[in-house]
Amino acid sequence: MKTCSMCHKQIEKPDDNFSSGHGIDIEGNIFCYPCCAIKDKATMRKNGSITLYLTKDKDGTWSLTNFPASLSFKPTVIRGRHNWGIKRYDCWFIFEGFIWWGVKYGDNSDVAYCKKTKQKSRYSLSGSFIERC
Ligand SMILES: [Zn+2]
Numbered sequence: 000m001k002t003c004s005m006c007h008k009q010i011e012k013p014d015d016n017f018s019s020g021h022g023i024d025i026e027g028n029i030f031c032y033p034c035c036a037i038k039d040k041a042t043m044r045k046n047g048s049i050t051l052y053l054t055k056d057k058d059g060t061w062s063l064t065n066f067p068a069s070l071s072f073k074p075t076v077i078r079g080r081h082n083w084g085i086k087r088y089d090c091w092f093i094f095e096g097f098i099w100w101g102v103k104y105g106d107n108s109d110v111a112y113c114k115k116t117k118q119k120s121r122y123s124l125s126g127s128f129i130e131r132c
């Protein structure tokens, strides 16, 4: 059984047969899902940027999550058209009182590059979708 390098708990393999139950960083350290969220939040605070996954749920709402989905935001999404005819999805969400912005290009990838803006949030942005094309 694998052990999380952060909380040192043993990681049980989920029953679903396709997920590993853990994440691995570039140095090969293994993290349990809750620690993946802690680590990703620390990255957000430190770097002011993070790569997340922007996906549409079955009910049509959008989610912005880290790899094991242990960290999840409900962003406001605006779909527009990119210069080269590729769809682009801009999204906004709030993390620790600041507005973050992210962008994903095309429908073949879920990867969204997210950055902290300087703007503090007074309102909660959650889960609306605006179509622009
Ligand atoms: Zn852990």
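To convert, note that position 124 of the sequence shown is 123 in numbering that gives the first Met the number 0; the numbers rise steadily by one, no gaps. Heads up, the beta-carbon is just placed ideally off N, CA and C, and yes, glycines get one too.
Beta-carbon separation of residue i and residue j under 8 Å?
{"i": "PHE66", "j": "CYS34", "result": "no"}
{"i": "ILE77", "j": "TYR104", "result": "no"}
{"i": "ALA111", "j": "LEU53", "result": "yes"}
{"i": "TRP100", "j": "LYS114", "result": "yes"}
{"i": "THR60", "j": "ILE49", "result": "no"}
{"i": "ILE29", "j": "ILE23", "result": "yes"}
May I ask you to check if the CB of residue i is nearer than 7 Å to at least one heavy atom of ligand 1?
{"i": "MET5", "result": "yes"}
{"i": "PHE30", "result": "yes"}
{"i": "PRO33", "result": "yes"}
Among the options, whose alpha-carbon lies nearest the alpha-carbon of residue i?
{"i": "THR116", "options": "ASN16, MET5, GLY47 and ASP56", "result": "GLY47"}
{"i": "ALA68", "options": "ASP14, SER120, SER18 and HIS7", "result": "SER18"}
{"i": "VAL102", "options": "LYS8, LYS40 and LEU51", "result": "LEU51"}
{"i": "PHE97", "options": "TRP83, GLN118, CYS31 and ASP106", "result": "GLN118"}
{"i": "ASP58", "options": "PHE94, LYS73 and ASP106", "result": "LYS73"}
Can we count residue i as close to ligand 2, meaning its CB is less than 7 Å from some heavy atom?
{"i": "LYS8", "result": "This structure does not include ligand 2; its bound ligands are ligand 1."}
Going residue by residue through the region 35-83, where are the continuous beta strand (DSSP E) segments of at least 3 residues, counting only ones entirely within it?
48-55, 61-64 and 75-80
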